[in-house]
Structures are given as structure tokens and as C-alpha cells.
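Following this note's numbering, the numbering of the sequence shown begins with 2 at its first residue and continues without gaps. Glycine is no exception: its CB is placed at the ideal position from the N, C-alpha and C atoms. Computed from a predicted model, the values in this text were never measured in an experiment. Down below is the structure, laid out as C-alpha cells.
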Amino acid sequence: MERTLVVLKPDAVQRGIVGEIISRFERVGLKIVAAKLFIPSKELMDKHYPADRAEFVEGLGSRTLESYREMGLDPIEQFGNDDAARIGEQVRTWLTDFMRSGPVFAFVLEGPHAIEVVRKIVGSTLPQKAQPGTIRGDYSFDSSYLANSAKRPIKNLIHASGNAEEAAFELDLWFSDNEIMRYDTIHQKHMQ
Ligand code: ADP
């Protein structure tokens, strides 16, 4: 059994597709064990998308550079440089500002292999690469070039923890122990 954090970003909340997205997880049998709607603080966002975690910031930058290369576009035109760490920090700032631009719906899902199953249902980070049938593939078509031209993050609706280490850190950050509910679902009966 695993627990994973899911955050529906302001674009998902404002588009009124919170219910549709949650029903996809419920249909699979994942159990909602905590949930809340709120505008995250700057402090929370800076911990969730940390400026001092080089691996995260540079990863964000190098994936941006990679997609520019793939599209045959010049990152220097857009960012003024082609340094992964600097581009990553720019994207991180857009992202943390965007996440605070309206309410987000955060919840915790529990189930066998929940982290991997949820990422599969969410789909690829880049909407144009996300497969049909995934949340990002079915509900978004944004691109990094379009987003970066407008100095904003890619609007891909949803965040989900990437691995066990991230999930443990993020669950602790977003929810306190007494906000996590314990109950049985019908699905569990069929897995005994
Ligand atoms: P994921 O959200 O799939 O775990 P990342 O951790 O790489 O992906 O990125 C965090 C978020 O940053 C993405 O969901 C997306 O909203 C935004 N983002 C990622 N790459 C870019 C980019 N090149 N330009 C703008 N925003 C981006």
C-alpha cells in the first residue's frame, strides 16, 4: 500500500473539472484519504518546488532545453541564455506564482502502487506528449514554447508525486497526520 499526493492546479479548478478528474482515480479503486481546497502560501510553494534542490531546478531547465531542441527553437531567444539552472529557476518562479494565482485542490490517494498508478493516469508533463486516456492527454494541449513566450508555466492541470521519496516528503508538507482518514473501501474486499 502506498500514499501519494495529488494537487489539482488553479487551471483545473477554474475549468470546473475537479469532479471529472477525481472520478478517474475513484473508478480505478484508489482511496481518497484526505482533501482540501485552498490558496497555497509562498512558503509552501517554495518548499514544494524548492529553489535549493539543484536536481529539481536543473532538471526543469534541462527538460525545457530538450523540448526546445526537439522543436528546433532557440532557448536564447526566449530566456536570454541556455543554462539549465537559470532556465529552471525562471520556470520554477512562474510555476510557484501560478500555483498561488487561485485555489488548488489537494488530496491524498491510497492504494497498491498508488504512486506509479497515479502518474500513469496523469500522463506526461508535456501535454502534447501525454497519451489520450490520461488526464493531461484528454484535457490539455499546452506547449513549453507557448507557455514560455507568455512567461508562464505549462498549464497541465495536475501535480502528482513522482516517486516514493517525493511522496513521503510532499505528504508531510501538505497534510498533517490528523487530516488523514482511515476507512475501508469496497475495492479492498476484492483484494483480500
Ligand atoms: P511533473 O509536474 O510532471 O512532475 P516537472 O516536475 O518536470 O513535471 O515540472 C513541474 C511543472 O513545471 C510541470 O507540471 C509544468 O507545469 C511546469 N513545467 C515543466 N517544464 C516546463 C517548461 N519547459 N516550461 C514551463 N513550465 C514547465
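Could you round the C-beta distance between residue 66 and residue 51 to whole angstroms and report it? I think they count as a contact, below 8 Å. Taking the sequence shown and counting its residues from 1, one reaches residue 66 at position 65. Taking the sequence shown and counting its residues from 1, one reaches residue 51 at position 50. Contact doesn't hold; Cβ gap of about 20 Å is too wide.
Thinking just about the alpha-carbon of each residue, which of 19, 112, 18 is nearest to the one in residue 1? For residue 1 there is no data in the structure shown, the boundaries of the chain being 2 and 193.
Check residue 36 in the structure and name its three-state DSSP category. Taking the sequence shown and counting its residues from 1, the one referred to as residue 36 is at position 35. Here residue 36 sits in strand by DSSP.
Counted within 10 angstroms of its Cβ, other Cβ atoms place residue 176 as buried (16 or more) or exposed: Along the sequence shown, one-based indexing puts residue 176 at 175. Buried, since its Cβ has 16 or more Cβ neighbours within 10 Å.
If the criterion is Cβ atoms closer than 8 Å, does the pair residue 58 and residue 93 meet it? Numbered from its first residue, the sequence shown carries residue 58 at position 57. Numbered from its first residue, the sequence shown carries residue 93 at position 92. For residue 58 and residue 93, yes; Cβs fall inside 8 Å.
What residue does the beta strand (DSSP E) around residue 160 start on, and which one ends it? Residue mapping note: residue 160 aligns to position 159 of the sequence shown, counting from 1. Segment 159 to 161, the beta strand (DSSP E) holding residue 160.
Assess, as a yes-or-no matter, whether the region 160 to 171 is touched by the region 112 to 125 under the definition of 3 or more beta carbon pairs within less than 8 Å. yes
Residue 135 CB to nearest heavy atom of the ligand ADP below 7 Å: Position 134 of the sequence shown, counted from the start, is the residue given in the question as residue 135. Placement of the Cβ of residue 135 at a distance of 7 Å or more from every heavy atom of the ligand ADP is found.
Can you grab the Cα-Cα spacing for the pair residue 99 / residue 183, in whole Å? Here residue 99 corresponds to residue number 98 of the sequence shown, with the count starting at 1. Here residue 183 corresponds to residue number 182 of the sequence shown, with the count starting at 1. Near 32 Å, if we compare the C-alpha coordinates of residue 183 and residue 99.
If you draw a straight line from the C-alpha of residue 138 to the C-alpha of residue 158, how long is it? For the purposes of this step, residue 138 is identified with residue 137 of the sequence shown, where counting begins at 1. For the purposes of this step, residue 158 is identified with residue 157 of the sequence shown, where counting begins at 1. So the alpha carbons of these two residues sit roughly 10 Å apart.
Quick check: does the Cβ of residue 114 come within less than 7 Å of any heavy atom belonging to the ligand ADP? Numbered from 1 along the sequence shown, position 113 holds the residue referred to as residue 114. Not one heavy atom of the ligand ADP falls within 7 Å of the beta-carbon of residue 114.
If I measure Cβ to Cβ from residue 153 and keep anything under 8 Å in the same chain, skipping five residues before and after, which residues do I get? What you label residue 153 is simply residue 152 of the sequence shown in a count that begins at 1. Excluding positions up to five away in sequence, the list reads 95, 99.
Supposed contact pair residue 29 and residue 109 - C-beta distance, whole angstroms, cut 8 Å: Here residue 109 refers to the residue found at position 108 when the sequence shown is read from its first residue. Here residue 29 refers to the residue found at position 28 when the sequence shown is read from its first residue. That pair is no contact at about 15 Å.
Let's test the definition: count the other Cβ atoms within 10 Å of the Cβ of residue 44 and tell me whether it reaches 16, buried, or not, exposed. Here residue 44 is taken as the residue at index 43 of the sequence shown, counted from 1. Result: exposed.
In the structure shown, what three-state DSSP assignment does residue 131 receive? Locating residue 131 in the sequence shown gives position 130, where the first residue counts as 1. Coil, per DSSP.
Cβ-based burial, residue 133 [other Cβ within 10 Å; buried from 16]: Against the sequence shown, residue 133 aligns to sequence position 132. By the neighbour-count rule (16 or more Cβ atoms within 10 Å), residue 133 is not buried but exposed.
For residue 49, which of 7, 12, 73 has the nearest alpha-carbon? Within the sequence shown, the letter at position 48 stands for residue 49. Cα-wise, what sits closest to residue 49 is 7.
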